[in-house]
Every structure is written in structure tokens, then in C-alpha cells.
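A.B. asks: Anchor point for the sequence shown: position 278 equals 278 in UniProt numbering, and the numbering is continuous, going up by one each time.
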Amino acid sequence: MGFHEKGRSLMKKKQFENALSHLLQADHHFSKCGSALLSSVDNFAVLQLDIVWCYRALEALSCLDDAKKRLQRAEDGFLQCYGQQQQRLLMIKGNTGREEVLFLRLYLLQSLLFYIEGNDVLAKRQLDKVESLYSRVSLDSDKMTQLMTMGFTEREARLGLRACQGDVEDATIHISNQRQEQMEQRQRERQKRSRRLEVISVLTELGYSRKEASRAAHLADGDVDKACGILLDSGPPVGSSDEGPSADKLEQLLYLGFERDSSKTALRRTGGDVQAAAQLLEDNELVKEVLEDICLHEEDYLDLTLEEETELINTMKGYLNSG
């Protein structure tokens, strides 16, 4: 997921070559997942769409065959995940407005591929679908402004209006309800973390190391009695050592360019193994690099301004009309 989100972040910055590299890494990791998982969520289908969108931006004509296969996988994935006529999506979310931008992009890319292959009839047919969707998901700037003056973000306004077919009053209620749900979810997560910290504190007072206590608290889902049972089954407390890593090992990691505090932590976690600690630190830095600038909003992939799509629609109309 991290590589996909990083790739999407780079796409928004028009850094398509770098974005494609991250997206292909995400595709490699997705390929290891079972078909049941891939058909139950739309992430894989969206990834295929994003990869082909990068091919388009880079004018990668050598990738035409791969692009066709990926668009077919995307279409099949949306069908499996959303259902015929998006009925499953409608049951889950109550509307299909936000996801329609994905189908707009899918049909637009299909139209482009048909045109490149010389099939103007199919290219025109798909472009007609695009224009029909575009009329539904393109937004009135006055309505956007109206919602934003109420204190909603641009993303909230855009997604809210699409979810409610452009009705400002319904969008206001929809966005407010979503904010309330998110606030309640964050509150539940804070309470869960607080319970786990209390359990860890109790277990460390009984003589268990923080690492042992954290693992038991996680396995027991914050239940102190279950956590105690897990630890008792695993044997007596080994205690936590306060002895820090040796200065020599720490210096080796500092020489490699890692920070002091993170080096100490890595050495503790690896039992003083310098090579393993260095690998752990490198992996951590890679993760931080991948996650940098990633938007944490769960529906960011649906928040399309349609600026690029509008440009390509006009280009396709010019191609087909001139033919």
C-alpha cells in the first residue's frame, strides 16, 4: 500500500516516471496476494488504472500491450468489487458518485488505446461514455465555494458533492456525518491505545520486559487477564535489561550515518547484532522515504480534480472529429 500511495502522491506532482517506479513495485507486492483478497477490494484495480495513466503521461507506446491487459484487469476488478451496475457499492456506501471518476478514467484510457490501434468506432463509443460520466461528476465552482465558506475542505466539498449528485444541502449533511464518524473512530482508537498502555504498565510491574508486555497486550487485544495468561504460558519473566548497547557497536552504526537514538533502539531490538541493526535502520529509512508526503485520507484516490481528464477528453474529441 505504501508504494501505491507514494506513487499517487508523485502523480499529483506530475512526476510520472518516478511515480511509475513506485506503482510497479506496488504491483509486484500485490501479485503475491491471493485472488480472493484482490477481488474483495478495489485497490488492485485502481493500481492498474494508475499505472496506465502514467504510461499515457509518459507516452510509453512500447507499453501498449501491457496497458490493454492492465485496463482489462482494472475493469474486471471493479466489476468483482462493486458488482453489476455497482449494486454492491451502492449497498455498502449508499451512493456511487465518488467512484464514477474511476470509470471515467477507465473509459477514457480505453478510448485512447482504441484510437491508437486505429479503431475509431470503439474509441468514439468509449468517449461517449466518458462524456456522459463527465457531465455527472464535473462540479459547479459556485457550489464548491459555498461549501468551502462553511469551513469544509476542498476535498470534502468535491467528494461530498459527487456523493450527493451536486446537491449542496445533502452534501453538507453528508460531510458533517462523515466528520462525526471519523471523530468517533479516532476516539475509539485512542481508548484502545490507552487500555493497551495500562496493560503494558501492569505487566512490566510484574517483572516482564516492555517488549514481552507489548507483544502480550497486542495478542490479548488489551485484555490484562488474557495477556497475563499468554505470558505465564511462555514461561517466567526474563526482565528487561537496562544495559545499553556497547559504545563500539554504537560507533559502528554512527559511522554508517545513522542517528544515535535510533541506533541504540535498533541494537536493543536485535540483541546487539550490528549487521541486523543496520539492516533494520535501512529498512526503516526506506519506509519513511516511501511514506513521505503520502495523504492519509482514505478516499484520496477518488479526489480527482479532472483537470488532466478534461485535457485528454478535448484532445480525443479533436482526434476523432478530424478523422
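Backbone N, C-alpha and C define an ideal beta-carbon position, used for all residues, glycine too. Since this is a predicted model, take the numbers as computed values, not measurements.
In the structure shown, what three-state DSSP assignment does Met183 receive?
C.D. replies: helix
A.B. asks: Distance check for Ser194 and Val101, CA to CA, integer angstroms please.
C.D. replies: 39 Å
A.B. asks: Taking three-plus beta-carbon pairs below 8 Å as touching, is the segment 179-189 in contact with the segment 200-208?
C.D. replies: In short, these stretches do not touch, since the Cβ pair count stays below three.
A.B. asks: For the alpha helix (DSSP H) containing residue 326, list its first residue and its last residue.
C.D. replies: Because the chain here runs from 1 to 323, residue 326 falls outside it and cannot be looked at.
A.B. asks: Short of 8 Å in beta carbon distance, which residues of its chain neighbour Leu253, apart from the five on each side in sequence? Order them along the chain.
C.D. replies: Ser263, Ala266, Leu267, Val274, Ala277, Ala278, Leu281
A.B. asks: What span of residues does the alpha helix (DSSP H) with Asp66 cover, start to end?
C.D. replies: 64-82
A.B. asks: Going by DSSP, what residue range makes up the alpha helix (DSSP H) through residue 336?
C.D. replies: Since the first residue of the chain shown is 1 and the last is 323, residue 336 is not available in this structure.
A.B. asks: Would you mind sorting Asp140 into buried or exposed? The rule is 16 or more other CB atoms within 10 Å of its CB.
C.D. replies: Asp140 is exposed by the Cβ-count criterion.
A.B. asks: If you check the beta carbons only, do Leu127 and Met316 fall under 8 Å apart?
C.D. replies: yes
A.B. asks: Just tell me which of Gly2, Glu5, Gln80 has its CA closest to the CA of Leu37.
C.D. replies: Gln80
A.B. asks: Cutting at 8 Å between CB atoms, please list the residues of its own chain near Arg260, excluding the five before and the five after it.
C.D. replies: Leu250, Leu254
A.B. asks: What do you get for Ser40, buried or exposed, if any count of 16 or more other CB atoms within 10 angstroms of its CB means buried?
C.D. replies: Residue burial annotation: Ser40 is exposed, with fewer than 16 other C-beta atoms found within 10 angstroms of its C-beta.
A.B. asks: In this structure, does DSSP put Asn119 in helix, strand or coil?
C.D. replies: coil
A.B. asks: Considering Arg56, what are the terminal residues of the alpha helix (DSSP H) in which it resides?
C.D. replies: 43-58
A.B. asks: Tell me the residue span of the alpha helix (DSSP H) that contains Gly7.
C.D. replies: 2-12
A.B. asks: Is the separation between the beta-carbon of Leu159 and that of Asp303 shorter than 8 Å?
C.D. replies: Taking 8 Å as the cut-off, the beta carbon of Leu159 is found closer than this to the beta carbon of Asp303.
A.B. asks: Looking only at C-alpha atoms, which of Asp76, Phe103, Glu212, Ala45 sits nearest to Phe30?
C.D. replies: Checking every option, the nearest Cα to that of Phe30 belongs to Ala45.
A.B. asks: Note the first and the last residue of the continuous alpha helix (DSSP H) segment covering Asp27.
C.D. replies: 16-30
A.B. asks: How about Asp27 and Ile51: do their beta carbons lie closer than 8 Å?
C.D. replies: yes
A.B. asks: Taking just the CA atoms, how far does Asn284 sit from Ser241?
C.D. replies: At Ser241 the pLDDT is 47, less than 50, meaning the model places this residue with poor confidence and gives no usable figure here.
A.B. asks: On the premise that Leu312 lies in contact with Leu108, defined as a C-beta separation below 8 Å, what is that separation, rounded to the nearest angstrom?
C.D. replies: 6 Å
A.B. asks: Identify whether Arg98 lies in helix, strand or coil by the three-state DSSP scheme.
C.D. replies: Reduced to three states, the DSSP call for Arg98 is coil.
A.B. asks: Is the beta carbon of Ala57 sitting closer than 8 Å to the one on Phe114?
C.D. replies: no
A.B. asks: Where do the N-terminal and C-terminal ends of the alpha helix (DSSP H) with Ser263 fall, by residue?
C.D. replies: 260-269
A.B. asks: Suppose the cutoff is 6 Å on Cβ atoms and the five residues either side in sequence are ignored; what does the same chain contact list for Lys69 look like?
C.D. replies: none
A.B. asks: Compute the Euclidean distance between the alpha carbons of Gln146 and Arg196, then round it to the nearest angstrom.
C.D. replies: Approximately 43 Å, taken between the alpha carbons.
A.B. asks: Going by beta carbon distance, what residues of the same chain come within less than 6 Å of Ala213, once the five residues before and after it are set aside?
C.D. replies: Ile200, Leu203, Thr204
A.B. asks: By alpha-carbon positions, which one of Cys164, Thr172, Asp167, Gly166 ends up nearest to Thr153?
C.D. replies: Closest by alpha carbon: Thr172.
A.B. asks: Measuring alpha carbon to alpha carbon, tell me which residue in His174, Met11, Lys32 is nearest Gly97.
C.D. replies: His174
A.B. asks: Is Ser111 helix, strand or coil by DSSP?
C.D. replies: helix
A.B. asks: The alpha helix (DSSP H) with Ser231 in it runs from where to where?
C.D. replies: According to the sequence displayed, residue 231 carries Leu and not Ser. First-last of the alpha helix (DSSP H) with Leu231: 224-233.
A.B. asks: Below 8 Å CB to CB, which residues in the same chain sit around Gly239 once its five sequence neighbours on both sides are set aside?
C.D. replies: Here Gly239 scores only 49 on pLDDT, less than 50, and its place in the model should not be relied on; the value that follows carries that caveat. Closer than 8 Å at the Cβ level, and outside the excluded window around Gly239, lie Gly207, Tyr208, Ser209.
A.B. asks: Using alpha carbons as the reference points, say which of Asp300, Ala247, Asn314 lies closest to Met11.
C.D. replies: Asp300
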